[in-house]
Amino acid sequence: MQSDPAKIGPEDPRLSVRLGPLRLRNPILTASGTFGYVREMAGIVDLSRLGGVVPKTITLQPRIGNPPPRIVETPSGMLNSIGLDNDGLEHFLQVHLPYLRTVPTQVIVNIAGKTADEFAVMAERLAEANASEGGLAGLELNLSCPNVAGGVDFAVDPTLTAAVVRQVRKVWPGPLLAKLTPNVHSILPAAQAAVEAGADILSLVNTFLGMAVDWRRRVPVLGNVTGGLSGPAIKPMVLRLVYQAAGRFSVPIIAIGGITTIDDVMEFLVAGASAVQVGTANFFDPTVSMKLVAQLPQALDVLGACSVSEIINSIRRP
Ligand code: SIN
Numbered sequence: 001m002q003s004d005p006a007k008i009g010p011e012d013p014r015l016s017v018r019l020g021p022l023r024l025r026n027p028i029l030t031a032s033g034t035f036g037y038v039r040e041m042a043g044i045v046d047l048s049r050l051g052g053v054v055p056k057t058i059t060l061q062p063r064i065g066n067p068p069p070r071i072v073e074t075p076s077g078m079l080n081s082i083g084l085d086n087d088g089l090e091h092f093l094q095v096h097l098p099y100l101r102t103v104p105t106q107v108i109v110n111i112a113g114k115t116a117d118e119f120a121v122m123a124e125r126l127a128e129a130n131a132s133e134g135g136l137a138g139l140e141l142n143l144s145c146p147n148v149a150g151g152v153d154f155a156v157d158p159t160l161t162a163a164v165v166r167q168v169r170k171v172w173p174g175p176l177l178a179k180l181t182p183n184v185h186s187i188l189p190a191a192q193a194a195v196e197a198g199a200d201i202l203s204l205v206n207t208f209l210g211m212a213v214d215w216r217r218r219v220p221v222l223g224n225v226t227g228g229l230s231g232p233a234i235k236p237m238v239l240r241l242v243y244q245a246a247g248r249f250s251v252p253i254i255a256i257g258g259i260t261t262i263d264d265v266m267e268f269l270v271a272g273a274s275a276v277q278v279g280t281a282n283f284f285d286p287t288v289s290m291k292l293v294a295q296l297p298q299a300l301d302v303l304g305a306c307s308v309s310e311i312i313n314s315i316r317r318p
């Protein structure tokens with residue numbers, strides 16, 4: 001797959017990163033589900049400044065999602081139980097992809113299926129669309145949505161993780177990202193399964209299962225009872241997972257988990273991530289990702305580093 005210069009340039013050699021087959025002008029991306037289908041944000045964010053964007057998860061068929069309320073704020077965090085509300089693959093191909101082809105940054109499409117076959121059907125259709133007109137720099141497999149019943153949280157089981165990644169790998173030739181769940185005793189078995197089945201990059205991680213209670217009414221707050229926790233509250237837990245995985249695997253890692261400040265970005269890079277996805281922070285400052293890119297060179301100076309690549313996984317391990 002050719003890299004489109006409009007999507008990765010103008011390259012500041014200090015900031016650009018290579019994650020296996022994926023090239024980014026810098027390591028700051030926006031996370032799925034927090035940046036719409038990008039069009040919504042284009043008037044506010046200079047997309048040409050970002051390393052990349054990941055639109056909201058798409059499924060084969062349209063989904064109306066979970067009953068409301070679907071969002072609740074928590075201390076330093078947010079619980080969501082959206083339930084993969086989206087208009088389906090065909091709508092994405094006809095309405096969103098033509099626009100996404102025009103955005104001046106790398107686009108990583110995120111998909112979820114009910115079965116490994118469904119993932120593969122979607123991946124094949126996207127690969128065909130990409131082969132003819134391009135526009136997609138990578139495919140992120142959402143193996144980890146905690147809000148949908150019926151086997152969608154594949155990454156809780158390494159065998160299921162491997163089955164999905166293996167089937168998609170057969171039909172998707174480009175960079176392949178596996179987005180894993182933290183809702184397991186150890187993330188390492190699923191990560192290993194994903195890598196062995198052909199994932200190029202690990203996206204760590206989706207949200208942590210939680211809930212909120214309205215004690216006065218004695219009911220759960222969320223319509224779906226439970227939801228996925230994101231935001232600064234989860235950052236230390238995700239740091240641990242990234243550090244652990246980077247110590248075990250040589251595939252690049254994209255960290256997702258409460259990234260809000262340049263300190264957060266630097267902590268994740270040093271701990272082993274090659275890039276980060278900014279998620280919940282977009283809801284309180286949609287321009288935060290641009291600001292983080294602008295702050296990166298100064299942070300590199302603090303370490304006396306010539307490039308982002310130089311600091312990735314540079315943590316001293318005991
Ligand atoms: C959702 O749509 O429920 C959130 C997506 C996810 O957590 O993967």
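Following our numbering, the numbering of the sequence shown begins with 1 at its first residue and continues without gaps. Note that beta-carbon positions come from the ideal geometry of N, C-alpha and C, so glycine has one too. Keep in mind it's a predicted model, so treat the numbers as computed, not measured.
A contact is defined here as three or more CB-CB pairs under 8 angstroms, and the stretch 233-244 meets this definition with respect to the stretch 176-189.
Shown here, Lys235 sits in a helix according to DSSP, grouped into three states. For Phe154, the number of other beta carbons within 10 angstroms of its own is at least 16, and it is reported as buried. For the pair of segments examined, the stretch 256-272 was found not to touch the stretch 189-201: the number of CB pairs separated by less than 8 angstroms stays below three. Here Thr105 is not near Ser186, since their CB atoms are 9 angstroms or more apart. Rounded to whole angstroms, the separation of the alpha carbons of Val293 and Ala112 is 29 angstroms. Straight-line spacing of the CA atoms in Asp87 and Cys145 works out to 17 angstroms. At a Cβ-Cβ threshold of 9 angstroms, Gly33 and Lys56 count as neighbours.
Rounded to whole angstroms, the Cβ separation of Ser307 and Arg14 is 5 angstroms, and the two are in contact under 8 angstroms.
Within 8 angstroms of the C-beta of Thr57 there is at least one heavy atom belonging to the ligand SIN. With 16 or more other CB atoms across the displayed protein chains lying within 10 angstroms of its CB, Arg23 is buried. With 16 or more other Cβ atoms from the protein chains shown falling within 10 Å of its own Cβ, Ala123 counts as buried. Ranking Leu139, Gly135, Gly134 and Tyr99 by CA distance to the CA of Val109 puts Leu139 first. For Ala191, the three-state secondary structure derived from DSSP is helix. Ser289: member of the alpha helix (DSSP H) spanning Val288 to Leu303, first to last residue. Straight across, the Cα-Cα distance linking Asn147 with Gly304 is about 43 angstroms. The beta carbons of Ala178 and Ala163 sit no closer together than 9 angstroms. Out of Phe35, Leu79, Val53 and Leu136, the CA that lies nearest to the CA of Asp4 is found in Leu136.
For Pro220, the secondary structure class from DSSP, reduced to helix, strand or coil, is strand.
Per DSSP, the continuous alpha helix (DSSP H) segment holding Ile8 begins and ends at Pro5 to Ile8. Contact annotation: Ile262 and Gln298 have beta-carbon atoms nearer than 9 angstroms. Gly228 has its alpha-carbon roughly 5 angstroms from the corresponding atom of Leu209.
Contact annotation: Val270 and Ile312 have beta-carbon atoms nearer than 9 angstroms. Residue pairing for Thr30: DSSP places it in a beta bridge opposite Val53 and Val278. Nearest to Pro232 by C-alpha distance, out of Leu79, Asp12 and Ile28, is Leu79. Each of Ala31, Asn66, Gly20 and Ile8 was checked against the Cα of Val278, and the nearest Cα belongs to Ala31. The closest heavy atom of the ligand SIN lies 8 angstroms or more from the beta carbon of Leu269. With a cutoff of 8 angstroms, Gly65 counts as near the ligand SIN, since its C-beta is closer than that to a heavy atom of the ligand. In this structure, DSSP gives Ile108 an extended state, which the three-state scheme calls strand.
Taking 9 angstroms as the cut-off, the beta carbon of Leu97 is found no closer than this to the beta carbon of Phe119. A residue is called buried when at least 16 other Cβ atoms come within 10 angstroms of its Cβ; Ile28 meets this threshold and is buried.
Excluding sequence positions up to five before and after Phe92, its CB lies within less than 6 angstroms of the CB of Ile58, all in the same chain and listed in chain order.
Contact between Gly223 and Pro68 holds, with the beta-carbon distance rounding to 5 angstroms and staying under 8 angstroms.
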